Each structure stands twice: as structure tokens, then as C-alpha cells.
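See structure below.
There are 2 protein chains.
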Amino acid sequence: MKQEITIVKIGGNVVDDASTLEKVLQEFSQISGPKVLVHGGGKIASDLSVKLGIQPKMVEGRRITDEESLKVVMMAYGGLVNKGIVAQLQAMGCNALGLTGADANIIPAHKRNSGEIDYGYVGDFNIEDIDTARLQFLINGELTPVFCALTHDQQGSMLNTNADTLASGLAISLAKHYHPKLVYCFEKQGVLLDSEDDATLIRELNYLHYQQLKDDGIIHNGMIPKLDNAFAARDKGVKVVIKHALELSKPAGTVLA
Amino acid sequence: MKQEITIVKIGGNVVDDASTLEKVLQEFSQISGPKVLVHGGGKIASDLSVKLGIQPKMVEGRRITDEESLKVVMMAYGGLVNKGIVAQLQAMGCNALGLTGADANIIPAHKRNSGEIDYGYVGDFNIEDIDTARLQFLINGELTPVFCALTHDQQGSMLNTNADTLASGLAISLAKHYHPKLVYCFEKQGVLLDSEDDATLIRELNYLHYQQLKDDGIIHNGMIPKLDNAFAARDKGVKVVIKHALELSKPAGTVLA
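Top to bottom, those sequences are chains A and B.
For any residue, its number in this note's numbering is found by taking its place in the first sequence, counting from 1, and adding 30.
For any residue, its number in this note's numbering is found by taking its place in the second sequence, counting from 1, and adding 30.
In C-alpha cells form, the structure reads like this:
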């Protein structure tokens, strides 16, 4: 019988605030059973870029990860944020192992091939390429993988990758060995009809309803890629919840139907 | 019967030069049998400090790792250098796993307790605290650990640690399960009587001879802590070689007798 596994994605706003991050990690450390943490980088990479005088490079309105920007995300996500989280989880008794997709070759990827725009060092991966056996080996060794959103091109370079997509991909691929539960944590109570009003929380959201809310302009901006990733996982049998980071241990948020 | 394991430490000068680093990693990737890489950080951390306007903090002539400097080494060693090496090794067919001492709690440490000077976030560890069973678990999983010189205080903070000491400590602790061979690689041919003349290479060096060369001022500066670490490992039965980074695959350098 397959065991349950919890994949928690924490967003940039959680990572940016030391006190929130500590509370969330405390709750995460207490989740029983196998678990995986995926974190975004928040403003740390942008702040570091500014301090280093690296200008964001845009082509046709899209942000490009050039070589200098790649170094910044490697430092910010792979070093500062990831290792900071690992040290904190260790202090909470959770045997964390910080990973990028390059480590143990768990998430081999390739540079985004978009045809028209060269996004630079941005990585996309095929879910079927994720080495779930390797991940299971680490988890069976009572380790808790902590992923930052970096993958690699298999040719010697790291690649910047979307953290929501990485979390969703890991959850889908882990369904081979486990019953995955994917929890997207952020600074809101879940999917809201009015993004400024927590009382408008949608407790259960199905795909048709989501499409309708998107068409009506009620769900917009950053929530769309997040929900697309969430529904991609839901579609493959993953349980998905979108909730406030400080409600990790509570039955709260928006459940995808 | 115990298997041989090779622990290679590459110094800052190797890490700083992209072309040298690539050649050394190529040779490292071809070492057969279990192996571990330990790398220093080189000038990358100092350069980053300068760019970020962080002044090196000195107390009584000793460098202090304050909170800002700790962030810099976490970014430079744990992020940029470590993940860059992992991506390169993966491209060479070596299944590298980037680690700090906090990851999987392999090297629990504590802040340096020197009595008089507070060195800040500088870590010392007891060799007997290294979790060699965990390390063996990863190595048995056909992974190649790549350590940067960071440990953690078990209270939520990473600590800056000397890379030579870390390599020596790992080699000594791995003697429980393997026959360790420790290779210190740097930009010289080995231990030289005249640091500017490769022809003065000492092919075999014993402890008494080392003490004498130290007393005579022939071996000095940075070589002393390196050799102290090297002899500490030799004393525990570890084979130790000090050689040029580009001679990794050749029977060259100074062997400790």
C-alpha cells in the first residue's frame, strides 16, 4: 500500500519574513510521515541583484536570466535561503537535506526552448525525467528533501526554474511511489473571490469553476500560473490545497476538487 | 574487507580559475571507487564582500565572521561554488550531491569557543560527531558527496569552517568504514623546500622532518595549518598526498610518511 507524502511549497513572501518563515518551518517539521519542502526565493535575489548593480534584463517584456542573474539565483536560492532553511530545520529535529535539481541528478532539465525569445538560463523539465527512485531512496533514509527552484541543463550549468512548477512536478512524479498531497502556502487564506478579503475564500474549487473565474477576471495575475500548476497535479491524482502559510497544520484553505 | 575511498580537497586557487577547475573536476570524475570532494571558496567570497560593501571585521588581527559575512559565505560557498561544481560533475557523468555539514546533519558543529576572542559564526566540530553511517548510506547509493566548508551550530545557524580541517575530519571519520586516501590539491607540486621552485619538491615527508622544516622557517604561512590537518589524518591511518591540482590522476606530489 502506498504511503502518503506531503509536498509543501512556500512562497517568496514566507521566505522574506524571518519570523513567518520560522513559524512555518516549525509546523512543517511536525508534519508526520515523509515530506518534501520546496521554496521560492522571494525578494532576496532581486535585492542581491540591486546591491550588485545587475540590471534586470528584459526582452519583449519577459525577464531573461543571463549569466550574472544565474549566479545571483544560485547564491540567493541555492546558498542563502536553502542552507538557512536546512540549518533551521535541523535545529527543529527535522533531518533536512538541501537540494537543487542537479544534486543527485533528481531533476534533469533543459534550457527553455521558446522559439522566439531566448530566456537564457531558465530551465524546463519533463516530469517523467524526475528520478523518483533516487528521491525515494533519500526519503527512505529518513531524510527530508528541501528543494530550491534550480535545475540543471545536464551540460554543466544550473538553470533557474519556477518553484510552483517544480513542486507540482515533484508531487506528480512521486505519485508512482506514494499518495502525494501538495500544499501551496502563501500569504493569503487560499483562493479568494476578492484578493483583499479573506472572508471570500473559496473552500473547494473545481477546474470548470476556475476557468469561469479566470474568464471573469476574478482570478488573475500570479494566481493563474500557480493554479495551472496546481490543477496539473490535481489532474494526475494529487491532493492539492492552497492555504495560508501560518495555517499549515490546520484544515484550512482552498481544496482543489 | 574495507574498500578504498578517495577524499579530494581542492583549494581556493583551483576554484577561482574556471579552466583549471574544469580540468580538475574532469580528473576527479574519473577516479574509480567511492569518493568525496571538499572545496574551498577562494576569492569569490572576498570579491562578493567587496561588491556588497561589507568590510572584513578584525579583532586582534583575527578575521571575524559576523552575520553579514556568514551570509556571504553561505551564498558564495554553499550556492555559487558548490552548485556550480555539482552541475559540472553531473555533466561529466559523476552523480554529485552538494552538501554542507548541516545537510543530513552529517557534520554537527559548534561556534568556536576560544575564550578570549568571539570569532562569530565560525564552526569547529568533533570528528567523532561526524555521521559516517549517513555518509556511507549516500555513497552506497552511488552518490558522490561534494562538501563546501560550512557546518552548523545545531541551533539554526550555519557556521563557516576551514575546508582543510573539514577534509581531514571527513577522512579520519571515514576510516571506520573505508581505507581513506586524502588528497590535498592546490597550485603547487606539493610541499616544496623553496615555494617558488617546483624542483625542490619533497617526495616523502615524515612528522619529524616537518617539525624541523617548520622550526627552520622553510615551511611557513598557509602550509602550516594545511600540514597540521594532513598529519592529523596521517596519524589516524589515512594515506595523505599533497599535490598539484592538475596532477590528480598522476603519482605525483608529497606523500606523508
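Note that CB positions come from ideal geometry on N, CA and C, so glycine has one too.
Remember, predicted model here, so these are calculated numbers, not experimental data.
Residue contact check for B:Ser-76 against chain A: no CB pair falls below 8 Å. Contact fails between the region 145 to 158 of chain A and the region 56 to 76 of chain A, because fewer than three Cβ pairs, one in each stretch, are under 8 Å apart. Put simply, the region 53 to 68 of chain B touches the region 169 to 180 of chain B. At least three CB pairs are less than 8 Å apart. Taking a Cβ-Cβ cut-off of 9 Å, B:Ser-79 has no neighbours in chain A, whose nearest Cβ is about 12 Å from it. Note on geometry: alpha-carbon atoms of A:Ile-37 and B:Gln-242 lie some 59 Å from one another.
Taking 8 Å as the cut-off, the Cβ atoms of A:Val-102 and A:Ile-84 count as close. Per DSSP, the continuous alpha helix (DSSP H) segment holding A:Pro-255 begins and ends at 253 to 265. DSSP places B:Lys-280 outside any beta strand (DSSP E), giving it a letter other than H or E.
Its Cα nearest to that of B:Ala-117, the residue A:Asn-135 stands out among A:Leu-238, A:Ser-225, A:Asn-135 and A:Tyr-107.
Chain-order list of chain A residues neighbouring B:Ser-187: Ala-117, by C-beta distance under 7 Å. Scanning chain A for C-beta atoms nearer than 8 Å to the C-beta of B:Met-104 yields Gly-109, Leu-110, Lys-113 and Gly-114, reported in chain order. Out of A:Lys-280, A:Thr-181 and A:Ser-203, the CA that lies nearest to the CA of A:Gln-60 is found in A:Lys-280. B:Lys-39 sits in a strand when the DSSP states are folded into three classes. Of all C-beta pairs linking the region 255 to 262 of chain A to the region 191 to 211 of chain A, three or more are shorter than 8 Å, placing the two stretches in contact.
Contact annotation: in the region 128 to 147 of chain B, residues whose CB is within less than 7 Å of a CB in chain A are Gly-128, Thr-130, Ala-132, Asp-133, Ala-134 and Asn-135. Note on A:Arg-233: under 16 other CB atoms within 10 angstroms of its CB, so exposed under the neighbour-count rule. Under a criterion of Cβ atoms nearer than 7 Å, the residues of chain B adjacent to A:His-182 are, in order, Ala-117 and Gln-120. Within the region 143 to 176 of chain B, Phe-167, Gly-171 and Leu-173 place their CB atoms closer than 7 Å to a CB of chain A, listed in sequence order. At a C-beta separation below 8 Å, A:Asn-259 has no neighbours in chain B, since its nearest C-beta there lies roughly 24 Å away. Per the Cβ contact rule, the region 121 to 141 of chain B is not in contact with the region 82 to 97 of chain B (fewer than 3 Cβ pairs under 8 Å). Contact of B:Leu-82 with chain A is assigned, a C-beta pair being separated by under 8 Å. Using a Cβ-Cβ cut-off of 8 Å, B:Lys-101 counts as an interface residue toward chain A, since at least one Cβ of chain A sits closer than that to its own. For B:Asn-192, no CB of chain A lies under 8 Å from its own CB, so it is not counted at the interface with that chain. With a cutoff of 8 Å on beta-carbon distance, B:Ala-275 and B:Ile-94 are scored as not near each other. In terms of Cβ geometry, B:Gly-153 and B:Leu-200 do not form a close pair [threshold 8 Å]. Look at A:Asn-125: its C-beta is under 8 Å from a C-beta on chain B. Under the three-state reduction of DSSP, B:Gln-85 is assigned to coil, being neither helix nor strand. Straight-line spacing of the CA atoms in B:Ser-203 and A:Tyr-214 works out to 40 Å. Distance check between B:Ser-225 and each of B:Gly-247, B:Asp-133, B:Tyr-208 and B:Lys-211 places B:Gly-247 closest, using alpha-carbon atoms only. Burial of B:Arg-164 is indicated by the presence of at least 16 other C-beta atoms within 10 angstroms of its C-beta.
The residues Asn-43, in chain order, have a CB closer than 6 Å to that of B:Glu-217 in the same chain once the five nearest residues on each side in sequence are set aside.
Minimum Cα-Cα distance from B:Gly-220 among the listed residues B:Leu-129, B:Leu-278, B:Asn-112 and B:Leu-168 corresponds to B:Leu-278.
About 7 Å separates the CB atoms of B:Lys-113 and A:Ala-132; that is less than 8 Å, so the two are in contact. Assignment of A:Glu-234 by DSSP, reduced to helix, strand and coil, places it in the strand class. Taking the Cα positions, A:Leu-129 is about 22 Å away from A:Lys-53. If only uninterrupted alpha helix (DSSP H) runs of at least 4 residues are considered, those enclosed by the region 123 to 174 of chain A are 162 to 170.
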